[in-house]
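Residue numbers (UniProt numbering): 1 to 326.
Just so it is clear, CB atoms sit at the ideal spot from N, CA and C, and this is done for glycine as well.
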Amino acid sequence: MLTRDEKFNFRAAYWSDLHSLLYKALPQEIVLWGHLFISFSISDDKSFVKVRTKVLQTGNTIDIVGDLLCAADGCLSSIRQSFLPDLKLRYSGYCAWRGVLNFSDNENSETILGLKKAYPDLGRCLYFDLGSEGHSVFYELLNKRINWIWYINQPEPEVKGNSVTMKVSSDMVKKMHKAAEKVWVPELVKVIQETEEPFLNVIYDSEPLDQIFWDNVVLIGDAAHPTTPHGLRSTNMSILDAAVLGKCLEKWGEGSLNSALREYQSIRLPVVSDQVLFSRRLGRIKQGLFLSEGKPLDPRTASKGDCRELMQKNMPFFSYIPPILN
Numbered sequence: 001m002l003t004r005d006e007k008f009n010f011r012a013a014y015w016s017d018l019h020s021l022l023y024k025a026l027p028q029e030i031v032l033w034g035h036l037f038i039s040f041s042i043s044d045d046k047s048f049v050k051v052r053t054k055v056l057q058t059g060n061t062i063d064i065v066g067d068l069l070c071a072a073d074g075c076l077s078s079i080r081q082s083f084l085p086d087l088k089l090r091y092s093g094y095c096a097w098r099g100v101l102n103f104s105d106n107e108n109s110e111t112i113l114g115l116k117k118a119y120p121d122l123g124r125c126l127y128f129d130l131g132s133e134g135h136s137v138f139y140e141l142l143n144k145r146i147n148w149i150w151y152i153n154q155p156e157p158e159v160k161g162n163s164v165t166m167k168v169s170s171d172m173v174k175k176m177h178k179a180a181e182k183v184w185v186p187e188l189v190k191v192i193q194e195t196e197e198p199f200l201n202v203i204y205d206s207e208p209l210d211q212i213f214w215d216n217v218v219l220i221g222d223a224a225h226p227t228t229p230h231g232l233r234s235t236n237m238s239i240l241d242a243a244v245l246g247k248c249l250e251k252w253g254e255g256s257l258n259s260a261l262r263e264y265q266s267i268r269l270p271v272v273s274d275q276v277l278f279s280r281r282l283g284r285i286k287q288g289l290f291l292s293e294g295k296p297l298d299p300r301t302a303s304k305g306d307c308r309e310l311m312q313k314n315m316p317f318f319s320y321i322p323p324i325l326n
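Have a look at this one:
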């Protein structure tokens with residue numbers, strides 16, 4: 001064991017569960033399903049922004065007018081690109097196979113009992129396993145599910161469309177299963193091989209942005225700070241973005257939109273910039289990739305100081321709560 005943190009205050013949630021909670025907390029009919037974003041324009045006097053969308057069910061194009069456009073369209077944000085056309089995402093050097101194994105109908109299966117024997121703290125912690133072909137992360141979610149991720153160093157694949165999730169073929173899955181047998185313990189391999197519909201994410205980030213709002217348009221979430229997932233807080237960062245933005249808008253009121261967005265930017269930009277860079281470095285350490293200041297980490301010869309660098313609590317602003325939220 002390289003390192004262990006008994007005081008790691010962290011809660012994991014399945015994305016669909018979190019999405020459902022957020023959606024149900026909203027007023028009815030506030031979400032327009034089946035509308036595809038096409039373009040936006042800001043009025044000459046900066047008083048409103050108009051968004052053009054396509055209604056997928058009918059094929060009709062409609063315009064939606066509002067005071068503010070919050071761009072939450074992910075790390076490949078087309079809205080961000082309109083302001084920063086030269087910004088390029090940085091390929092991390094690796095991709096991630098991911099999956100969720102549902103064992104609610106057979107929690108005493110050989111696979112689950114074997115995994116819990118090999119990893120006795122499962123259900124009370126997050127496991128990070130460093131191997132010769134990258135590293136893996138796995139932990140138990142609510143309702144008897146195991147979430148697992150395997151990061152594999154490889155050349156940048158071709159990504160089609162506006163998504164970092166690749167479509168995978170049955171041959172790709174079979175090759176991944178075979179490769180897993182050479183890297184991970186049999187108990188983890190069984191979990192990987194029994195997971196239905198695993199998928200592959202291409203891992204990108206970008207250099208921290210200098211600006212995350214322009215007139216009536218503001219970036220939040222991955223659109224504002226494309227990051228690698230090693231800080232385990234991409235969703236956390238997005239939720240804090242939204243919470244801080246909401247409080248800033250509430251504080252400044254309808255007539256002071258620019259002041260509200262400026263305060264939002266001043267609160268969030270220094271935090272997320274440091275977190276993006278820390279996550280990048282932590283990922284390279286765990287993947288055994290070269291760092292600018294030294295050789296790759298070798299788990300077999302790592303010092304105590306090297307191992308301390310692996311701890312998640314080193315994340316800048318790890319438990320920081322912006323004063324505006326208190």
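Cutoff 7 Å; reference P226; Cβ partners in own chain excluding five residues on either side:
Numbered from 1 along the sequence shown, position 226 holds the residue referred to as residue 226. Once the five neighbours on either side are set aside, the close Cβ partners of P226 are C75, L89, Y204, D205, S206.
Using 8 Å as the cut-off, can you tell me whether the stretch 280–288 makes contact with the stretch 304–313, which would need three or more C-beta pairs spanning the two stretches below that distance?
yes
Measuring only the C-alpha atoms, how far is N162 from S77?
By 1-based counting over the sequence shown, the position of residue 162 is 162. By 1-based counting over the sequence shown, the position of residue 77 is 77. Cα to Cα, the separation comes out at about 8 Å.
Return helix, strand or coil for W214, following the three-state DSSP convention.
Position 214 of the sequence shown, counted from the start, is the residue given in the question as residue 214. W214: strand per DSSP, three-state reduction.
Taking the Cβ atom as the reference point for each residue, do F48 and I79 lie within a distance shorter than 8 Å?
In the sequence shown, the residue the question calls residue 48 occupies position 48. In the sequence shown, the residue the question calls residue 79 occupies position 79. Cβ distance not < 8 Å, so F48 and I79 don't count as in contact.
Find out if the Cβ-Cβ distance for the pair N153, G93 is shorter than 8 Å.
On the sequence shown, position 153 is the one that residue 153 refers to. On the sequence shown, position 93 is the one that residue 93 refers to. Going by C-beta atoms, N153 is nearer than 8 Å to G93.
What are the boundary residues of the beta strand (DSSP E) that residue 331 is part of?
The first residue shown for the chain is 1 and the last is 326, placing residue 331 beyond what the model contains.
Quick check for students: name the residue ranges of the alpha helix (DSSP H) that lie wholly in the stretch 66–140, counting only runs of 4 or more.
78–83, 110–118
Using 8 Å as the Cβ pair cut-off and three pairs as the minimum, do the stretch 154–173 and the stretch 187–205 touch?
yes
Exposed or buried, which one is W150 when buried takes at least 16 other CB atoms within 10 Å?
Here residue 150 is taken as the residue at index 150 of the sequence shown, counted from 1. It counts as buried.
Euclidean distance between Cα positions of V218 and I30:
The sequence position of residue 218 within the sequence shown is 218, counting from 1. The sequence position of residue 30 within the sequence shown is 30, counting from 1. Distance between the alpha carbons of V218 and I30 is about 19 Å.
Indicate the three-state DSSP secondary structure (helix, strand or coil) for W15 in the structure shown.
For this step, residue 15 is matched to residue 15 along the sequence shown. In the structure shown, W15 sits in a helix (DSSP, three-state: H, G or I).
Within the continuous alpha helix (DSSP H) that includes H225, where are the two ends?
For the purposes of this step, residue 225 is taken as the residue at position 225 of the sequence shown. No alpha helix (DSSP H) holds H225; DSSP gives it neither H nor E.
Buried or exposed for L188, going by 16 or more other Cβ atoms inside 10 Å?
Walking along the sequence shown from the start, residue 188 turns up at place 188. A residue is called buried when at least 16 other Cβ atoms come within 10 angstroms of its Cβ; L188 meets this threshold and is buried.
E133: which of D63, P323, L289 sits nearest, CA to CA?
Sequence index remark: in the sequence shown, residue 133 carries index 133 (1-based). Nearest in C-alpha terms to E133, of all of D63, P323, L289, is L289.
Candidates N102, M172, K178: which alpha carbon is nearest N147's?
For the purposes of this step, residue 147 is identified with residue 147 of the sequence shown, where counting begins at 1. Among N102, M172, K178, the Cα nearest to that of N147 belongs to N102.
My output table needs one value for N236: the three-state DSSP class, helix, strand or coil.
If you number the sequence shown from 1, residue 236 lands on position 236. If DSSP states are grouped into helix, strand and coil, N236 belongs with the helices.
Does the distance from the C-beta atom of N216 to that of L68 stay below 8 Å?
Position 216 of the sequence shown, counted from the first residue, corresponds to residue 216. Position 68 of the sequence shown, counted from the first residue, corresponds to residue 68. Result yes, Cβ atoms of N216 and L68 sit closer than 8 Å.
Distance, L269 Cα to A223 Cα:
Position 223 of the sequence shown, counted from the first residue, corresponds to residue 223. Position 269 of the sequence shown, counted from the first residue, corresponds to residue 269. So the two alpha carbons sit approximately 12 Å from each other.
Given that a residue counts as buried once 16 or more other Cβ atoms are within 10 Å of its Cβ, and exposed if not, what is T58?
Locating residue 58 in the sequence shown gives position 58, where the first residue counts as 1. T58 is exposed by the Cβ-count criterion.
According to DSSP, simplified to helix, strand and coil, what is I64?
As a position in the sequence shown, residue 64 is number 64, starting the count at 1. Three-state DSSP puts I64 in a strand.
For N143: DSSP bridge partner residues:
Counting from one through the sequence shown, the residue named residue 143 turns up at place 143. N143 pairs with nothing; no bridge assigned.
Alpha carbon to alpha carbon, how far is L141 from L126?
Walking along the sequence shown from the start, residue 141 turns up at place 141. Walking along the sequence shown from the start, residue 126 turns up at place 126. C-alpha separation (whole angstroms): 10 Å.
Let me check understanding here. Comparing Cα to Cα, which of W33, S104, D241, G294 lies closest to S273?
For this step, residue 273 is matched to residue 273 along the sequence shown. Of the listed residues, the one whose Cα sits closest to S273 is D241.
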